[in-house]
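J.: Pasting a structure below so you can have a look.
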Amino acid sequence: MDVDVERDLRQRIMAWVADRAARNGGWISRSDLLGHTLEDGTSLPLIDFSRGIRNPQSMVATLAIVSATDGPYEDRDTGDGLLHYAYRRGSGGDNRKLREAHKRGLPLILFLKPEKNVYIPVHPVYVVDDDEAAASFTIALDESFLFMRDVAHPTEDQRRYAVRLAKQRLHQPYFRGQVIRAYATRCAICSLRHAELLEAAHIYPDSHHEGRAVTTNGLSLCTIHHRAYDADLLGISPDHRVAINQALLDEVDGPMLRHGLQDMHGRTIDLPRRPRDRPDTDGLAWRYERFVSAG
Ligand SMILES: [Zn+2]
Numbered sequence: 319m320d321v322d323v324e325r326d327l328r329q330r331i332m333a334w335v336a337d338r339a340a341r342n343g344g345w346i347s348r349s350d351l352l353g354h355t356l357e358d359g360t361s362l363p364l365i366d367f368s369r370g371i372r373n374p375q376s377m378v379a380t381l382a383i384v385s386a387t388d389g390p391y392e393d394r395d396t397g398d399g400l401l402h403y404a405y406r407r408g409s410g411g412d413n414r415k416l417r418e419a420h421k422r423g424l425p426l427i428l429f430l431k432p433e434k435n436v437y438i439p440v441h442p443v444y445v446v447d448d449d450e451a452a453a454s455f456t457i458a459l460d461e462s463f464l465f466m467r468d469v470a471h472p473t474e475d476q477r478r479y480a481v482r483l484a485k486q487r488l489h490q491p492y493f494r495g496q497v498i499r500a501y502a503t504r505c506a507i508c509s510l511r512h513a514e515l516l517e518a519a520h521i522y523p524d525s526h527h528e529g530r531a532v533t534t535n536g537l538s539l540c541t542i543h544h545r546a547y548d549a550d551l552l553g554i555s556p557d558h559r560v561a562i563n564q565a566l567l568d569e570v571d572g573p574m575l576r577h578g579l580q581d582m583h584g585r586t587i588d589l590p591r592r593p594r595d596r597p598d599t600d601g602l603a604w605r606y607e608r609f610v611s612a613g
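The sequence shown lines up with residues 319 to 613 when you count with our numbering.
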């Protein structure tokens with residue numbers, strides 16, 4: 319395949335991935351990835367049946383890699399904002415195709431796999447270095463690293479940029495995918511089911527030292543309830559009751575205020591099915607206190 323044709327094809331595949339993930343709330347199932355077809359009906363699975371790397375025969379370079387990420391992503395962070403992908407053992411072909419991706423600057427898809435059957439896509443990513451001494455490839459979250467002179471020894475500014483990028487492009491999608499899935503793609507407050515309107519809210523905010531990007535510090539909320547929660551117009555008590563700010567309860571206005579907010583007062587939030595995904599009680603208590611004192 320001509321490299322420009324391949325670049326174009328990758329872009330179309332990534333658009334499909336983005337659309338499919340958005341509809342689910344940030345993740346794609348294994349069967350959807352295996353069942354992927356091109357516009358002309360040709361089957362082109364986006365993951366391999368049994369391996370963590372996808373090298374379609376028709377493509378010159380690797381299309382996707384899978385990173386099994388059991389537990390919170392940030393625990394595996396190496397601190398440099400880059401991913402280090404070990405050479406594949408006994409498979410010259412895999413390493414050759416990763417090298418092609420590096421040489422030609424072709425974009426890849428990274429699938430974070432927190433558990434069986436769940437794939438959180440991050441794309442495009444780029445192979446930006448081939449570290450022979452460490453027997454690993456370095457993968458970055460944007461193209462600019464391809465033009466960096468010495469990826470292994472970044473300047474302080476470059477390192478900070480990479481870390482910030484990792485937060486936006488890796489940690490946030492991972493957190494969102496995990497939280498929304500835990501709540502079965504619903505708003506915990508109003509039960510709205512539209513993934514496009516759902517967000518992962520932090521209980522301890524990102525800026526707080528306890529503000530980790532883990533499911534127990536998250537709530538799946540629709541956009542309006544997320545904003546209201548962040549503005550302390552809405553609180554959730556440690557025993558999972560919704561409270562609306564008194565001034566807001568006294569206000570008279572249209573249907574959004576009445577149904578969207580006032581009617582939520584006193585409701586019990588929907589919790590994740592699995593106990594280990596449920597919101598941390600201390601976090602809820604801390605946050606509820608903030609809501610009460612703001613009112
Ligand atoms: Zn809602």
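The beta carbon of each residue, even a glycine, is placed where N, CA and C say it ideally should be.
Quick caveat, the model's predicted, so the values are computed rather than measured.
1. For leucine 537, verify whether its CB is less than 8 Å away from any heavy atom of ligand 1.
2. Only counting runs of 4 or more residues, tell me where the alpha helix (DSSP H) segments fall wholly within the region 419-507, in order along the chain.
3. Between arginine 608 and the rest of its own chain, which residues show a CB-CB distance below 7 Å, the 5 nearest in sequence each way excluded?
4. What's the C-alpha gap between alanine 644 and proline 590?
5. Under the DSSP definition of a beta bridge, which residues are partnered with serine 385?
6. Which same chain residues end up closer than 7 Å to threonine 541 when comparing Cβ atoms and leaving out the 5 residues on each side of it in sequence?
7. Distance, Cα to Cα, arginine 576 vs alanine 333?
8. Does the beta-carbon of leucine 510, which I'm using as the reference point, lie nearer than 8 Å to any heavy atom of ligand 3?
9. Are there 16 or more other CB atoms within 10 angstroms of the CB of alanine 502, so buried, or fewer, so exposed?
10. What are the partner residues of arginine 372, as DSSP defines its beta bridges?
11. Measure the Cβ-Cβ separation of leucine 424 and alanine 382 and say whether it is below 9 Å.
12. Check whether the Cβ atoms of lysine 442 and arginine 369 lie closer than 9 Å to each other.
13. Beta carbon of serine 555, beta carbon of alanine 603: below 9 Å?
14. Opposite alanine 339 in the DSSP bridges: which residues?
15. Near alanine 546, which residues of its chain fall below 7 Å by C-beta distance, leaving aside the five closest residues on each side in sequence?
16. Classify arginine 324 as buried or exposed, calling it buried when 16 or more other Cβ atoms lie within 10 Å of its own Cβ.
17. Have a look at Leu488, Phe465, Arg605 and flag the residue whose alpha-carbon is nearest the alpha-carbon of histidine 520.
18. Terminal residues of the continuous beta strand (DSSP E) containing valine 278?
19. Can the beta-carbon of phenylalanine 493 be found closer than 9 Å to that of threonine 533?
20. With tyrosine 403 and tryptophan 345 assumed to form a contact (beta carbons below 8 Å), what rounded beta-carbon distance in angstroms separates them?
21. Give me whichever residues DSSP pairs with serine 361 in a beta bridge.
22. Measure from the alpha carbon of valine 335 to the alpha carbon of each residue in Glu357, Val440, Met377, then state which is nearest.
23. Rounded to the nearest angstrom, what separates tyrosine 479 and glutamine 486 at their Cα positions?
24. When you compare each of Leu537, Glu461, Leu510 to proline 523 by their alpha carbons, which one comes out closest?
25. Report buried or exposed for aspartate 393, applying the criterion of at least 16 other Cβ atoms within 10 angstroms of its Cβ.
26. Name the DSSP bridge partner or partners of histidine 402?
27. For lysine 434, count neighbouring C-beta atoms within 10 Å of its own C-beta (all shown protein chains included) and say buried if the count is 16 or more, exposed if not.
28. Less than 9 Å between CB atoms is the rule here; does valine 335 satisfy it with respect to chain D?
29. Below 8 Å on the Cβ atoms is my contact criterion, and I expect valine 445 with alanine 419 to pass it. Report the Cβ-Cβ distance as a whole number of Å.
30. Tell me where the alpha helix (DSSP H) around histidine 544 begins and ends.
31. Count the other CB atoms within 10 Å of the CB of aspartate 447; is the residue buried (16 or more) or exposed (fewer)?
T.: Let's see:
1. no
2. 474-484, 490-500
3. Asp550
4. As shown, the chain starts at 319 and ends at 613. That puts residue 644 outside it, with no answer to give.
5. Leu430
6. Excluding the 5 residues flanking it on each side, threonine 541 has same chain C-beta neighbours closer than 7 Å at Leu515, Glu517, in chain order.
7. 38 Å
8. Ligand 3 is absent from the structure shown, which contains only ligand 1.
9. Burial call: exposed.
10. Ala382
11. no
12. For clarity, residue 442 is proline in the given sequence; the question names lysine instead. No, these two residues do not count as a Cβ contact at 9 Å.
13. In this structure, serine 555 lies near alanine 603, with their beta-carbon atoms less than 9 Å apart.
14. According to DSSP, alanine 339 bridges with nothing at all.
15. Leu552, Leu579
16. Reading off the sequence shown, one finds glutamate at residue 324, where the question assumed arginine. Buried is the call here.
17. Arg605
18. There is simply no residue 278 to check, as the chain begins at 319 and stops at 613 in what is shown.
19. yes
20. Not confirmed; about 21 Å, so no contact.
21. In the DSSP output, where bridge partners are listed per residue, serine 361 has Thr355.
22. Val440
23. 11 Å
24. Leu537
25. A caution first: aspartate 393 carries a pLDDT of 45, below 50, which makes its placement in the model unreliable, though a value can still be read off. Using a 10 angstroms sphere on the CB of aspartate 393, the tally of other CB atoms stays under 16, which defines it as exposed.
26. Thr456
27. With fewer than 16 neighbouring CB atoms inside 10 Å of its own CB, lysine 434 falls in the exposed class.
28. The structure shown contains no chain D; it holds only a single protein chain.
29. With 8 Å as the limit, valine 445 and alanine 419 qualify as a contact, their Cβ atoms being about 5 Å apart.
30. First-last of the alpha helix (DSSP H) with histidine 544: 541-548.
31. buried
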